[in-house]
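Protein chains in written order, with the working numbering: chain D, 10 to 504; chain P, 28 to 126; chain V, 8 to 695. Reading through the structure tokens given below for one structure.
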Amino acid sequence: MYDYVLSSLIFIPLAGFLVVLLLPKNNFNLIRWMASIFSFVPMIISFVLTYDYFFTYSGSADMVYIEGPFKWISVINAQYFLGADGISVPLLALTGLLSFISIIASFNIAKRVKEYFAFFLLLETGMMGVFCALDFFLFYVFWEVMLVPMYFLIGIWGGPRKEYAAIKFFLYTLFGSIFMLVAILVLYFTSEPHTLNMLTLIQTAPSLGHSLQLMCFAFLFVAFAIKVPVWPFHTWLPDAHVEAPTAVSVILAGVLLKMGTYGMLRISWPMFPEATRFFATPIAILGLIAIIYGALVSMAQKDLKKLVAYSSVSHMGYCMLALGAWGSVTALAGCMFQMLSHGLITGALFLLVGVLYDRAHTREIAAFGGLGVKIPVYTGLMVLFSMASLGLPGMSGFVSEFMVFIGAFSSFKIIAAIAVLGVVLTAGYMLRMVQRMFLGEFDMARWGGLTEINLREILMVSPLAILTIIIGVYPGPLSDMMRATLENLVNLMAR
Amino acid sequence: MLQYLALAAILFAIGVFGVLTRRNAIGILMSLELMFNAANINLVVFNKYIGPDNLIGQIFALFVVVIAAAEAVVGLAIVLLLYRNWRGIDVDHINIMKW
Amino acid sequence: MLEHAYFIPFYPLIAFLVIIFFTRWKEKLSAGIAISMILLAFVHSVFVLIAMLGRHGHPLELSMPFIEHPALKLELGMWIDGLTAVMLMVVTIVSACVHIYSLGYMHNDPRWSRYFSYLCLFTFSMLGLVIANNFFMIFIFWELVGLTSYLLIGFWFEKKSASDAGKKAFITTRIGDLGFIVGLLILTFYVGTLNYQEVFAKVQSGAISGGLLAAAGIFIFCGAVGKSAQFPLHVWLPDAMEGPTPVSALIHAATMVAAGVYLVARGMTLFAGSATASMVIASIGLITSFMAATIALTQNDIKRVLAYSTVSQLGYMIMALGLYGVDLAHGHHTAGYVAGTFHLMTHAFFKALLFLGAGSVIHAVHTNDINFMGGLSRKMKTTTITFFIASLSIAGIFPLSGFWSKDEIVASTTGHPFFMVVTLLIAFMTAFYMFRLCFLTFTGEPRDKERFDHAHESPKTMTGPLTVLAFLAIFAGWVGLPWLHHGFSSFVYHDVVHHAGPNYVLMIVSTIVAVSGIGLAYAVYYKKAISADALADRFKLLYKISFNKWYIDEIYDAVIIKPLLGFTKVLWWFDANIIDGLVNLMGWLTVKWADLKMWFDKYIIDGIVNGLGYICMAGSWAVKFMQSGSLQFYALMVMAAAIGIMLYRVTSIGFYFYLIGLVIVALLSVLVKMTRSDRVDAEPNIEG
């Protein structure tokens, strides 16, 4: 029954892409609903997949739902090879959920509707593909596939500086991809027989020479670090986020950033255990810098969306810190939790920012004040997610940050202890933002006409809220689901 | 036979010279006729000395005479038109095809 | 009922969820749900207390896993012993009183339902905190308590001061939590568990080095410093008085701030494992207590006086617990543990009473400033009487509950003379400032006639809880009478029951101290025998320091907050201009490089291509002169070529000579042509 489940996750959105392209371009509603259906189905499939994985494979570290390897480009021995395990399944589910929600959130797009939804579905194909590709070439293809629609989504439907942001995003990521390509080629030509199969490479790559390992690791790291983004490669992120339309920001923060950390966890770490150990401390320090630095810079932001963007830099810093502490299952689990919870929380925050922007046409924090009087439900949601973002217990952010700290502390005492500062700084900028926007005097003359968040928008964010709280209150199942895989990864790295 | 051929060659050379040097279009046409006739002589001579049993060369000479007549008609018509347009038939002046 | 004690926190949680999602629009119903659920929790707590009494405080533990990893086991669970049972009672009683009181106090508030839901959420968090069986879970609820405190302090968020205070409370306590987290990290890594009993067993077995214990103890204590508003993180508590007064009573007097004390008591074994850590705790407690008492002497805001009094009393408890730890580290049990926890309980009642009384006063005169009060006893009988009872209790007058607990605290300083002296000094100051407050508020002539005229006794919903709490403020302490052998000390204890018999000398001394404090206040503010202004003038510097709260807020603002905000701006500039500048510089350089290549392309590569074109053009320009238009010239060419070909067939050298000859002829003819350039071409006859 689950024979081609991963392929269906990839190709249903692709089919949707084609179908949407064939629709008449003025029938907006048809396009919207068609796009929703074509993203709704993969979402359900990904949920079923998660459910099935949890009950069937929780204890095993093996790749499951394997498809292939089928011959694809035999000249270079590239294969069509898919599979999923404990770290990709939750991310697939996250992708499915956020894609669907983003498409629902895009219903108010009025410009070139057809192309917009088509691009969005293509984007989903790329993301799904990255999370289940087991062939390096295939991985690279999906990695690049998602770049193109993203470029257009930012560049056509974005804000005032969209061209700049889109080009910056595209070139920056492409710059990283080149490094990845070089690393792929090195791996390909050093393996005997030449192969691009990741599972094989994980077995064979550690026998490479020391310097070659370090080089490949560094190249892959640049590629992934730009995506994460790791400080100091992060400056594309605020621009891209601020200019991108709401739904695209959601995807960008919710899924795309995770592709970087996923890549590290799936590829660079297990393939180059020696290099991982070599670079562990610098990576943890980069994580620490990102945490503190991102939080401090967030504090100085005047634009709400930029604040959330920089908070992403800070939050992804936790992932890097955890990845630095490669030897601890808890740290890696914390990293995975942080990826998921950041996807949910920041996704929701971007949605909410978009909701306000649609009404007020500004994101200037200083322009608001006392909104709690006028739009209490919106305020409540915003406060909820701000709290989640600052790591309040009972929500997923807390679980992940705590696990990251515990895991990181086993390797890096001082770094972990300093990283804890991030918790206060996050509280600082989130609460400042909440206070300046929602508390205090309400400017009736200016914002008297502001309307409350509507049902569609509430339905959009409520799944995210519910999941955030469920993971926060009862993380056990999710943790169990990933544990065997992560333990296996730690063993691979300890080689 | 050589003398016949020499005649034809001389005749042809005179024709060529006429064609290349005459200013008058009609003169050129007349020189052309000379060249035709030089060819005719050749045809007849070769027929006589190489294959006297069949008359192909002589028949061909007759064709050439006919064609030459037709050619003269067309050529004179052109000259006539030229004269109408240029008020003269000096070929040195008729160079509108120049670069 | 005891085995299901874990359900106690869920009553208020259910109320919270129901109110938020379903009954938000029906105000009366929301309040009804909240109160009935709190009462249910109270009843359940009573059963638990009775069951625990039956077990003589023998503890009970239940737990379930939260996250399990090889190196980490986090769990949720409950740990019930005497202390838990008592705290459950305290929290539910005070919470119930505050809920009922709020019916009157929050009358007509536009966000009524939300207020009650927040109260329920708070009660849930506090109960969860109390019932927790491990440091991880206590931390979870610790933070939730912080959240509700934030929400409730900033409840009237239209006021900037209120939202500021909420933010300040949250962030300040979170700074303390930093230490807490680090402490937890140390515990998880070096001890491998966060469960109280497992940690304690490890500590007692001596498996952990002293330095580590001290570090863990001090870091975890940081959490308590934040939440219990100890120096240097006490600054948030007085500001927190911006919240509605019942909230102040519940959170900032009776329960939440007691969480820190509770944590210290709960983790006693850990702290007592290191004399250093215990000494730090005791010292912080003493400093805080002294400092807050001095500040309380001169404040004019009724709630701020109470707030500083709270800080001071909390310092008392922490000091007592710390001293117990010090003594225990040196191998002997003293009264400190019982004193701290006992005072925690009695303080909760009389401080809640004080705050609710203050709320009643504020409700009547609509101001917090005692300069606008005076003579209110004539209008507000119940409030006045209950307020005086509470004041007597906190001042430590026989036989009210405060007397017994304070007496124990003084007793716990035995063996630490410096601590004892300062403690007595603080007791004196406490009596003084409390009665200064009482006299200024309730006695004498009204200083603001208009407000006085509008003042009225509060409704029954408000005076009812006052009465209940007054009753407790008098009698709650009797459970710990020193003559009782099966009283408080045999129910709430650490490790072994320690029963210190009555110490009559100390009782007398502390009574004298308290009475003299009250007497001084009486002389200054009732009899006006001594002028308060004259005193202030006399000790101008001291007065200023006290009045301005030792300038700590100002110092923090100047030393930490402003530089931090400035630093964020600098960093943002750095990010936008340097890091991003580098990225853009790379882009710019790439573009320039491309420009350079474009130039090369345009002028070199394309130049070659175009050059070929030019050469062709030039060649063809030269050759075009062959196109003379002259028929005869063409024919000549044909002839020349035919001759050439024939010649080539015969003799190739002759052909070359022929070619040279042709070229010479051509050149000559060109020359001839040039010399005859005067010839005029005939005009074509257009009309022909």
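Note that the Cβ used here is the ideal one computed from N, Cα and C, for glycine as well.
According to DSSP, simplified to helix, strand and coil, what is residue i?
i, result
"Tyr-13/D", "coil"
"Lys-34/D", "coil"
"Glu-150/V", "helix"
"Leu-70/P", "helix"
"Ile-227/V", "helix"
"Trp-81/D", "strand"
"Asn-584/V", "helix"
"Ile-462/D", "coil"
"Asp-144/D", "strand"
"Ile-87/V", "strand"
For the beta strand (DSSP E) that residue i lies in, which residues bound it at each end?
i, result
"Ala-87/D", "87-93"
Just grab the DSSP bridge partners of residue i for me.
i, result
"His-501/V", "Val-503/V"
"Pro-4/V", "Because residue 4/V is not part of the residues shown, which for chain V are 8 to 695, the question remains open."
"Val-73/D", "Ala-93/D"
"Asp-312/D", "Glu-373/D"
"Asn-202/V", "Asn-141/V"
"Asp-564/V", "None; Asp-564/V has no bridge partner."
"Asp-602/V", "The partner list for Asp-602/V (beta bridge, DSSP) is empty, contrary to what the question assumes."
"Asp-308/V", "Asp-376/V"
"Ala-206/D", "What sits at residue 206/D in the sequence shown is Asn, not Ala. Looking at the DSSP assignment, Asn-206/D forms a beta bridge with Asp-144/D."
"Asn-51/P", "Asp-117/P"
Give the residues of chain P in contact with residue i, contact being defined as C-beta atoms less than 8 Å apart.
i, result
"Met-646/V", "Val-43 and Leu-47"
Got a sec? Which residues, its chain only, sit under 8 Å from residue i by beta carbon, not counting five neighbours each side?
i, result
"Lys-236/D", "Thr-182, Gly-185, Leu-265, Leu-266, Met-268, Gly-269 and Gly-272"
"Ser-45/D", "Phe-109, Ile-112 and Ile-113"
"Ile-53/P", "Leu-103, Val-106 and Ile-116"
"Leu-90/V", "Tyr-269, Ala-272, Arg-273, Thr-348 and Val-499"
Under 9 Å between beta-carbons, which chain D residues line up against residue i? List them in chain order, please.
i, result
"Trp-600/V", "Simply none; closest approach about 14 Å."
What span of residues does the alpha helix (DSSP H) with residue i cover, start to end?
i, result
"Val-531/V", "Looking at the DSSP string, Val-531/V is not in any alpha helix (DSSP H), and its letter there is neither H nor E."
"Tyr-641/V", "638-657"
"His-63/V", "Segment: none, His-63/V is in no alpha helix (DSSP H) and carries neither H nor E."
"His-219/D", "219-236"
"His-243/D", "Careful: His-243/D lies outside any alpha helix (DSSP H) and carries neither H nor E."
"Leu-270/V", "265-273"
"Thr-494/D", "485-502"
Given residue i, which residues of its chain have a CB within under 7 Å of its CB, disregarding the five upstream and five downstream residues?
i, result
"Leu-295/D", "Val-239, Trp-240 and Met-329"
"Leu-360/V", "Thr-393, Ala-397, Leu-473, Leu-476, Ala-477 and Ala-480"
"Tyr-140/V", "The sequence given here places Asn at residue 140/V; Tyr does not occur at that position. For Asn-140/V, where only same-chain residues beyond five positions count, the Cβ hits under 7 Å are Glu-68, Ser-70, Gly-84, Met-85, Trp-86, Asn-202 and Tyr-203."
"Phe-459/V", "Gly-382 and Pro-453"
"Lys-383/D", "Phe-451, Trp-456 and Leu-459"
"Glu-252/D", "Ile-163, Gly-167, Gly-168, Arg-170, Lys-171 and Ala-174"
"Met-439/D", "Ser-395, Ser-398 and Leu-399"
Just to make sure I have the definition right: I need the residues of chain V whose C-beta is within less than 8 Å of the C-beta of residue i. Which are they?
i, result
"Ile-235/D", "Ordered by position in chain V, no residue passes the 8 Å Cβ test against Ile-235/D, which lies about 10 Å from the chain."
"Val-101/P", "In chain order: nothing, as chain V lies at least about 15 Å away."
"Ser-488/D", "Ile-74, Glu-75 and His-76"
Just the chain P side, please: which residues come within less than 7 Å of residue i by C-beta, in chain order?
i, result
"Ala-642/V", "Val-46 and Leu-47"
Taking C-beta pairs closer than 9 Å, name the residues in chain V that residue i reaches, listed in chain order.
i, result
"Val-118/P", "Ser-637, Leu-638 and Gln-639"
"Phe-451/D", "Glu-165"
For residue i, which residues from the same chain have a beta carbon less than 6 Å from its beta carbon, with the 5 sequence-adjacent residues on both sides left out?
i, result
"Phe-421/D", "Ala-293"
"Asp-489/D", "Ser-67"
Could you work out which residues of chain D lie near residue i, taking near to mean beta carbons separated by less than 7 Å?
i, result
"Phe-177/V", "Ala-436 and Leu-440"
List the residues of chain V whose Cβ lies closer than 7 Å to the Cβ of residue i, in chain order.
i, result
"Tyr-302/D", "Leu-578"
"Thr-339/D", "His-76, Ala-78 and Leu-79"
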